[in-house]
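Residue 190 in our numbering sits at position 96 of the sequence shown, and the numbers go up by one each step.
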Amino acid sequence: MEKIETAAPTEANKRKPFILYRILHWIGFAVALLIAVGAFAALKHLDVPGVTYGPIVGSIGVSIVAALLLLPPLFWTMPKILRSIAYVLLLVSLVYATDTSSYVQAWYERTPQGAREATDRAQRKAEEARERADSERLRAEEDRQAEAQERLEALSTSCDDTGDIERAIKERLKDPASAVFNDIIYSKARDRACVAYNAKNSFGGYGEPARAELKCGRDGWTVVNMESPCDDANSLELSAAWDIEKEKIVTARRREWDELFRIARKAPNDFNIRSCRKTRETFGRLVEEVVDLERKAESEGVTDDEKRLIADDRRTIASIKAGAAKGICAAENPE
(Lines of atoms letter the chains of each structure in order from A and count residues from 1; the text may use other names and numbers.)
(Lines give C-alpha, C1' and ligand atoms only; values in the text may rest on other atoms or scores of the structure.)
Protein backbone atom coordinates (compact mmCIF):
# COMPACT_ATOMS: atom_id res chain seq x y z
CA MET A 1 0.00 0.00 0.00
CA GLU A 2 1.42 3.32 -1.06
CA LYS A 3 2.31 5.70 1.75
CA ILE A 4 0.87 9.18 1.46
CA GLU A 5 3.36 11.87 2.36
CA THR A 6 2.13 15.10 3.92
CA ALA A 7 3.87 18.38 3.38
CA ALA A 8 5.92 19.55 6.32
CA PRO A 9 4.84 22.89 7.80
CA THR A 10 6.85 25.77 6.46
CA GLU A 11 8.75 28.22 8.63
CA ALA A 12 6.25 30.95 7.75
CA ASN A 13 3.32 28.81 8.94
CA LYS A 14 5.12 28.11 12.19
CA ARG A 15 5.67 31.79 12.85
CA LYS A 16 2.06 32.94 12.24
CA PRO A 17 0.64 31.85 15.64
CA PHE A 18 3.71 33.23 17.38
CA ILE A 19 3.33 36.64 15.71
CA LEU A 20 -0.36 36.79 16.66
CA TYR A 21 0.53 35.85 20.24
CA ARG A 22 3.08 38.67 20.40
CA ILE A 23 0.54 41.21 19.12
CA LEU A 24 -1.97 40.12 21.78
CA HIS A 25 0.76 40.32 24.41
CA TRP A 26 1.62 43.91 23.47
CA ILE A 27 -2.06 44.79 23.76
CA GLY A 28 -2.12 43.22 27.25
CA PHE A 29 0.99 45.19 28.23
CA ALA A 30 -0.65 48.45 27.04
CA VAL A 31 -3.74 47.65 29.12
CA ALA A 32 -1.52 47.04 32.16
CA LEU A 33 0.13 50.44 31.69
CA LEU A 34 -3.24 52.18 31.43
CA ILE A 35 -4.42 50.48 34.62
CA ALA A 36 -1.25 51.62 36.42
CA VAL A 37 -1.73 55.23 35.25
CA GLY A 38 -5.35 55.12 36.39
CA ALA A 39 -4.29 53.78 39.79
CA PHE A 40 -1.85 56.70 40.23
CA ALA A 41 -4.65 59.14 39.29
CA ALA A 42 -6.51 58.12 42.46
CA LEU A 43 -3.73 59.72 44.56
CA LYS A 44 -5.26 63.17 44.05
CA HIS A 45 -8.18 62.10 46.25
CA LEU A 46 -6.06 61.16 49.28
CA ASP A 47 -7.12 64.39 51.00
CA VAL A 48 -10.77 63.35 50.82
CA PRO A 49 -12.11 62.44 54.29
CA GLY A 50 -12.64 58.70 54.54
CA VAL A 51 -10.18 57.75 51.79
CA THR A 52 -7.21 55.74 53.13
CA TYR A 53 -3.83 54.82 51.64
CA GLY A 54 -4.42 51.08 51.75
CA PRO A 55 -6.69 50.47 48.74
CA ILE A 56 -4.94 53.06 46.56
CA VAL A 57 -1.41 51.84 47.32
CA GLY A 58 -2.53 48.23 46.89
CA SER A 59 -4.04 49.01 43.50
CA ILE A 60 -0.88 50.85 42.39
CA GLY A 61 1.34 48.00 43.59
CA VAL A 62 -0.59 45.23 41.84
CA SER A 63 -0.85 47.19 38.58
CA ILE A 64 2.91 48.02 38.58
CA VAL A 65 3.90 44.39 39.24
CA ALA A 66 1.58 43.23 36.44
CA ALA A 67 3.02 45.82 34.04
CA LEU A 68 6.63 44.85 34.90
CA LEU A 69 5.99 41.14 34.46
CA LEU A 70 4.32 41.81 31.11
CA LEU A 71 7.22 43.99 29.92
CA PRO A 72 8.07 42.28 26.59
CA PRO A 73 11.87 41.86 27.01
CA LEU A 74 11.42 40.41 30.50
CA PHE A 75 8.27 38.44 29.72
CA TRP A 76 9.86 36.26 27.01
CA THR A 77 12.72 35.22 29.31
CA MET A 78 10.43 33.98 32.11
CA PRO A 79 9.21 30.40 32.56
CA LYS A 80 5.72 29.60 31.32
CA ILE A 81 4.34 29.45 34.86
CA LEU A 82 5.43 33.04 35.51
CA ARG A 83 3.92 34.14 32.21
CA SER A 84 0.60 32.68 33.28
CA ILE A 85 0.90 34.41 36.65
CA ALA A 86 1.55 37.72 34.84
CA TYR A 87 -1.74 37.43 32.94
CA VAL A 88 -3.59 36.51 36.12
CA LEU A 89 -2.12 39.60 37.81
CA LEU A 90 -3.33 41.68 34.86
CA LEU A 91 -6.92 40.56 35.51
CA VAL A 92 -6.51 41.05 39.27
CA SER A 93 -5.16 44.58 38.75
CA LEU A 94 -8.11 45.43 36.50
CA VAL A 95 -10.66 44.25 39.10
CA TYR A 96 -8.71 45.88 41.96
CA ALA A 97 -8.40 49.23 40.13
CA THR A 98 -12.11 49.26 39.27
CA ASP A 99 -13.10 48.51 42.86
CA THR A 100 -10.69 51.14 44.24
CA SER A 101 -11.98 53.77 41.81
CA SER A 102 -15.58 53.11 42.91
CA TYR A 103 -14.53 53.29 46.57
CA VAL A 104 -12.69 56.61 46.12
CA GLN A 105 -15.53 58.10 44.04
CA ALA A 106 -18.10 57.14 46.68
CA TRP A 107 -16.17 58.96 49.41
CA TYR A 108 -15.46 61.93 47.15
CA GLU A 109 -19.18 62.40 46.39
CA ARG A 110 -19.77 62.82 50.14
CA THR A 111 -17.73 66.03 50.13
CA PRO A 112 -19.47 69.34 49.25
CA GLN A 113 -17.59 69.67 45.97
CA GLY A 114 -18.16 66.03 45.05
CA ALA A 115 -21.85 66.35 45.90
CA ARG A 116 -22.12 69.42 43.66
CA GLU A 117 -20.43 67.60 40.80
CA ALA A 118 -22.70 64.58 41.27
CA THR A 119 -25.75 66.87 41.30
CA ASP A 120 -24.53 68.62 38.14
CA ARG A 121 -24.06 65.27 36.41
CA ALA A 122 -27.54 64.16 37.42
CA GLN A 123 -29.03 67.43 36.18
CA ARG A 124 -27.19 67.15 32.86
CA LYS A 125 -28.48 63.61 32.41
CA ALA A 126 -32.02 64.72 33.28
CA GLU A 127 -31.73 67.64 30.84
CA GLU A 128 -30.51 65.34 28.10
CA ALA A 129 -33.39 62.96 28.81
CA ARG A 130 -35.89 65.85 28.62
CA GLU A 131 -34.37 67.09 25.37
CA ARG A 132 -34.61 63.60 23.89
CA ALA A 133 -38.25 63.38 25.00
CA ASP A 134 -38.96 66.83 23.51
CA SER A 135 -37.26 65.87 20.28
CA GLU A 136 -39.25 62.65 20.08
CA ARG A 137 -42.50 64.52 20.78
CA LEU A 138 -41.78 67.10 18.08
CA ARG A 139 -40.73 64.37 15.66
CA ALA A 140 -43.96 62.48 16.37
CA GLU A 141 -45.94 65.68 15.76
CA GLU A 142 -44.11 66.25 12.48
CA ASP A 143 -44.79 62.66 11.45
CA ARG A 144 -48.47 63.10 12.34
CA GLN A 145 -48.73 66.27 10.26
CA ALA A 146 -46.89 64.64 7.35
CA GLU A 147 -49.24 61.67 7.52
CA ALA A 148 -52.27 63.98 7.58
CA GLN A 149 -50.91 65.87 4.57
CA GLU A 150 -50.31 62.58 2.78
CA ARG A 151 -53.90 61.52 3.47
CA LEU A 152 -55.20 64.83 2.12
CA GLU A 153 -53.11 64.48 -1.02
CA ALA A 154 -54.26 60.90 -1.49
CA LEU A 155 -57.88 61.96 -1.07
CA SER A 156 -57.54 64.86 -3.49
CA THR A 157 -56.08 62.45 -6.07
CA SER A 158 -58.59 59.63 -5.63
CA CYS A 159 -61.67 61.83 -5.25
CA ASP A 160 -61.43 63.79 -8.50
CA ASP A 161 -62.80 61.05 -10.76
CA THR A 162 -66.52 61.57 -11.45
CA GLY A 163 -66.65 58.15 -13.12
CA ASP A 164 -65.95 56.49 -9.75
CA ILE A 165 -69.03 58.20 -8.30
CA GLU A 166 -71.24 56.93 -11.11
CA ARG A 167 -69.82 53.40 -10.90
CA ALA A 168 -70.36 53.31 -7.11
CA ILE A 169 -74.05 54.21 -7.56
CA LYS A 170 -74.59 51.86 -10.51
CA GLU A 171 -73.42 48.93 -8.39
CA ARG A 172 -76.48 49.51 -6.17
CA LEU A 173 -79.04 49.76 -8.99
CA LYS A 174 -81.20 47.02 -10.51
CA ASP A 175 -80.72 48.44 -14.01
CA PRO A 176 -77.32 50.17 -14.02
CA ALA A 177 -77.38 50.85 -17.75
CA SER A 178 -80.46 53.05 -17.39
CA ALA A 179 -78.89 55.37 -14.82
CA VAL A 180 -79.01 59.07 -15.59
CA PHE A 181 -76.93 61.45 -13.50
CA ASN A 182 -77.63 65.12 -12.96
CA ASP A 183 -76.05 67.44 -10.42
CA ILE A 184 -73.09 66.41 -8.26
CA ILE A 185 -72.52 68.58 -5.20
CA TYR A 186 -69.11 68.26 -3.53
CA SER A 187 -68.05 69.29 -0.08
CA LYS A 188 -65.23 71.81 0.07
CA ALA A 189 -62.78 69.07 0.99
CA ARG A 190 -64.12 67.03 -1.97
CA ASP A 191 -64.35 63.96 0.23
CA ARG A 192 -68.18 63.90 0.31
CA ALA A 193 -70.70 64.25 -2.50
CA CYS A 194 -74.45 64.40 -3.01
CA VAL A 195 -75.56 63.09 -6.42
CA ALA A 196 -78.94 63.52 -8.12
CA TYR A 197 -79.75 60.53 -10.34
CA ASN A 198 -82.60 58.49 -11.85
CA ALA A 199 -82.82 54.91 -13.06
CA LYS A 200 -85.45 52.43 -14.25
CA ASN A 201 -87.26 50.50 -11.57
CA SER A 202 -88.29 46.83 -11.58
CA PHE A 203 -91.29 47.71 -13.77
CA GLY A 204 -89.04 49.11 -16.48
CA GLY A 205 -89.96 52.76 -16.00
CA TYR A 206 -88.31 55.82 -14.48
CA GLY A 207 -89.54 57.00 -11.11
CA GLU A 208 -88.91 60.15 -9.14
CA PRO A 209 -85.34 61.50 -9.20
CA ALA A 210 -83.33 60.37 -6.20
CA ARG A 211 -80.18 61.38 -4.42
CA ALA A 212 -77.23 59.39 -3.13
CA GLU A 213 -74.68 60.43 -0.57
CA LEU A 214 -71.10 59.22 -1.08
CA LYS A 215 -67.85 59.45 0.81
CA CYS A 216 -64.34 59.24 -0.61
CA GLY A 217 -61.55 57.32 1.08
CA ARG A 218 -58.30 55.69 0.09
CA ASP A 219 -60.16 53.17 -2.07
CA GLY A 220 -62.17 55.81 -3.89
CA TRP A 221 -65.87 56.65 -3.67
CA THR A 222 -68.33 54.51 -1.72
CA VAL A 223 -72.07 54.99 -1.22
CA VAL A 224 -73.01 56.01 2.31
CA ASN A 225 -76.77 56.37 1.90
CA MET A 226 -79.31 55.99 -0.90
CA GLU A 227 -82.46 56.30 1.23
CA SER A 228 -83.47 59.97 0.81
CA PRO A 229 -80.07 61.31 1.85
CA CYS A 230 -78.81 64.88 1.75
CA ASP A 231 -82.29 66.36 1.22
CA ASP A 232 -80.77 69.75 1.86
CA ALA A 233 -77.70 70.00 -0.34
CA ASN A 234 -76.65 73.19 1.42
CA SER A 235 -76.47 71.33 4.74
CA LEU A 236 -73.87 69.02 3.19
CA GLU A 237 -71.84 72.03 2.11
CA LEU A 238 -72.11 73.70 5.50
CA SER A 239 -71.27 70.52 7.38
CA ALA A 240 -68.21 69.89 5.23
CA ALA A 241 -67.10 73.50 5.53
CA TRP A 242 -67.41 73.27 9.32
CA ASP A 243 -65.31 70.09 9.33
CA ILE A 244 -62.56 71.92 7.46
CA GLU A 245 -62.84 74.95 9.71
CA LYS A 246 -62.48 72.74 12.80
CA GLU A 247 -59.37 71.17 11.28
CA LYS A 248 -57.90 74.63 10.70
CA ILE A 249 -58.67 75.60 14.31
CA VAL A 250 -57.00 72.45 15.64
CA THR A 251 -53.93 73.03 13.45
CA ALA A 252 -53.64 76.66 14.60
CA ARG A 253 -53.93 75.61 18.26
CA ARG A 254 -51.19 73.00 17.79
CA ARG A 255 -48.90 75.68 16.37
CA GLU A 256 -49.60 77.92 19.37
CA TRP A 257 -48.90 75.05 21.79
CA ASP A 258 -45.61 74.24 20.02
CA GLU A 259 -44.48 77.88 20.20
CA LEU A 260 -45.29 78.10 23.92
CA PHE A 261 -43.49 74.81 24.51
CA ARG A 262 -40.41 76.12 22.66
CA ILE A 263 -40.35 79.33 24.74
CA ALA A 264 -40.80 77.48 28.02
CA ARG A 265 -38.06 74.94 27.26
CA LYS A 266 -35.47 76.90 25.30
CA ALA A 267 -35.71 80.61 26.04
CA PRO A 268 -37.79 81.48 29.12
CA ASN A 269 -35.87 84.76 29.54
CA ASP A 270 -35.73 85.84 25.90
CA PHE A 271 -38.80 88.10 25.83
CA ASN A 272 -39.63 91.52 27.26
CA ILE A 273 -42.50 92.39 29.58
CA ARG A 274 -44.98 93.14 26.79
CA SER A 275 -44.41 89.91 24.89
CA CYS A 276 -44.29 88.13 28.23
CA ARG A 277 -47.82 89.33 28.99
CA LYS A 278 -48.95 88.15 25.55
CA THR A 279 -47.41 84.74 26.20
CA ARG A 280 -49.26 84.44 29.51
CA GLU A 281 -52.53 85.45 27.85
CA THR A 282 -52.09 82.89 25.07
CA PHE A 283 -51.31 80.17 27.59
CA GLY A 284 -54.33 81.09 29.72
CA ARG A 285 -56.66 81.17 26.70
CA LEU A 286 -55.54 77.75 25.48
CA VAL A 287 -55.93 76.26 28.95
CA GLU A 288 -59.48 77.70 29.14
CA GLU A 289 -60.31 76.08 25.79
CA VAL A 290 -59.17 72.72 27.14
CA VAL A 291 -61.27 73.20 30.28
CA ASP A 292 -64.32 74.09 28.13
CA LEU A 293 -63.84 70.92 26.09
CA GLU A 294 -63.60 68.87 29.29
CA ARG A 295 -66.85 70.40 30.57
CA LYS A 296 -68.52 69.61 27.27
CA ALA A 297 -67.24 66.04 27.52
CA GLU A 298 -68.82 65.67 30.97
CA SER A 299 -72.17 67.22 30.06
CA GLU A 300 -72.80 66.42 26.39
CA GLY A 301 -70.09 64.00 25.33
CA VAL A 302 -67.46 64.58 22.66
CA THR A 303 -66.12 62.79 19.60
CA ASP A 304 -63.09 60.52 19.68
CA ASP A 305 -61.07 63.21 17.89
CA GLU A 306 -61.98 65.73 20.60
CA LYS A 307 -61.03 63.23 23.32
CA ARG A 308 -57.61 62.78 21.70
CA LEU A 309 -57.29 66.56 21.43
CA ILE A 310 -58.00 66.98 25.16
CA ALA A 311 -55.43 64.31 26.06
CA ASP A 312 -52.78 65.84 23.78
CA ASP A 313 -53.39 69.34 25.17
CA ARG A 314 -53.19 68.12 28.77
CA ARG A 315 -49.85 66.43 28.07
CA THR A 316 -48.57 69.61 26.42
CA ILE A 317 -49.64 71.75 29.39
CA ALA A 318 -47.76 69.43 31.74
CA SER A 319 -44.67 69.56 29.52
CA ILE A 320 -44.74 73.36 29.39
CA LYS A 321 -45.04 73.64 33.17
CA ALA A 322 -42.20 71.15 33.64
CA GLY A 323 -40.00 72.90 31.09
CA ALA A 324 -40.41 76.36 32.59
CA ALA A 325 -39.47 75.52 36.17
CA LYS A 326 -40.01 79.12 37.28
CA GLY A 327 -43.27 79.58 35.41
CA ILE A 328 -44.36 80.10 31.85
CA CYS A 329 -43.00 83.66 32.05
CA ALA A 330 -39.56 83.62 33.66
CA ALA A 331 -38.45 87.13 32.76
CA GLU A 332 -36.02 88.84 35.10
CA ASN A 333 -38.64 91.42 36.12
CA PRO A 334 -42.05 89.76 35.62
CA GLU A 335 -45.13 91.82 36.26
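We put the beta carbon where it would ideally sit given N, CA and C, even for glycine.
Residue i versus residue j - alpha carbon distance
{"i": "W120", "j": "K219", "result": "37 Å"}
{"i": "I404", "j": "A223", "result": "25 Å"}
{"i": "E383", "j": "A293", "result": "50 Å"}
{"i": "V182", "j": "G122", "result": "11 Å"}
{"i": "S229", "j": "S281", "result": "37 Å"}
{"i": "R389", "j": "K401", "result": "12 Å"}
{"i": "F275", "j": "G301", "result": "14 Å"}
{"i": "E265", "j": "A304", "result": "15 Å"}
{"i": "G311", "j": "R226", "result": "36 Å"}
{"i": "D214", "j": "E221", "result": "10 Å"}
{"i": "V125", "j": "V131", "result": "10 Å"}
{"i": "E236", "j": "F377", "result": "22 Å"}
{"i": "L118", "j": "A216", "result": "38 Å"}
{"i": "R379", "j": "S393", "result": "21 Å"}
{"i": "N295", "j": "D269", "result": "7 Å"}
{"i": "P149", "j": "Q199", "result": "13 Å"}
{"i": "R75", "j": "V381", "result": "Look at the range of the chain in this structure, 95 to 429, and you will see that residue 75 is not part of it."}
{"i": "P167", "j": "R116", "result": "11 Å"}
{"i": "G298", "j": "A271", "result": "12 Å"}
{"i": "V155", "j": "A234", "result": "The sequence as given places Gly at residue 155; Val does not occur at that position. Roughly 55 Å between the two C-alpha positions."}
{"i": "Q239", "j": "I411", "result": "20 Å"}
{"i": "K174", "j": "I113", "result": "17 Å"}
{"i": "R210", "j": "E350", "result": "38 Å"}
{"i": "D313", "j": "R261", "result": "13 Å"}
{"i": "L387", "j": "M320", "result": "35 Å"}
{"i": "S196", "j": "S178", "result": "28 Å"}
Residues near residue i by beta carbon distance below 7 Å, same chain, minus five either side
{"i": "A180", "result": "A160, L163, L164 and F169"}
{"i": "V318", "result": "E307, L308 and K309"}
{"i": "I259", "result": "I278, A287, V289, L308 and W315"}
{"i": "L267", "result": "A273 and A293"}
{"i": "S157", "result": "A126, I129, A130, A133, S187 and A191"}
{"i": "Q207", "result": "none"}
{"i": "V151", "result": "none"}
{"i": "T256", "result": "I278"}
Closer than 7 Å: residue i CB and nearest the ligand ATP heavy atom
{"i": "A405", "result": "Here there are no bound small molecules, and the ligand ATP is not part of this structure."}
Neighbour-count burial assignment, residue i, 16 or more Cβ in a 10 Å radius
{"i": "I263", "result": "buried"}
{"i": "L232", "result": "exposed"}
{"i": "L176", "result": "exposed"}
{"i": "Y291", "result": "buried"}
{"i": "D407", "result": "buried"}
{"i": "L184", "result": "buried"}
Coil, strand or helix - residue i by DSSP
{"i": "D386", "result": "helix"}
{"i": "R409", "result": "helix"}
{"i": "E302", "result": "coil"}
{"i": "D285", "result": "coil"}
{"i": "L114", "result": "helix"}
{"i": "L308", "result": "strand"}
{"i": "D313", "result": "coil"}
{"i": "K268", "result": "coil"}
{"i": "I220", "result": "The question names Ile, but residue 220 is Ala in the sequence shown. Residue state, collapsed to three classes: helix."}
{"i": "A290", "result": "strand"}
{"i": "F134", "result": "helix"}
{"i": "F297", "result": "coil"}
Own chain partners of residue i with C-beta closer than 6 Å, once the 5 adjacent residues on each side are dropped
{"i": "S153", "result": "A133, Y190, A191 and T194"}
{"i": "V385", "result": "none"}
Chain C within 8 Å of residue i, Cβ atoms only
{"i": "I158", "result": "The chain inventory of the structure shown lacks chain C, comprising one protein chain alone."}
Own chain partners of residue i with C-beta closer than 8 Å, once the 5 adjacent residues on each side are dropped
{"i": "M172", "result": "L163 and A180"}
Which parts of the segment 148-208 are runs of the beta strand (DSSP E), unbroken and 3 residues or longer, counting only runs that do not cross its ends?
none
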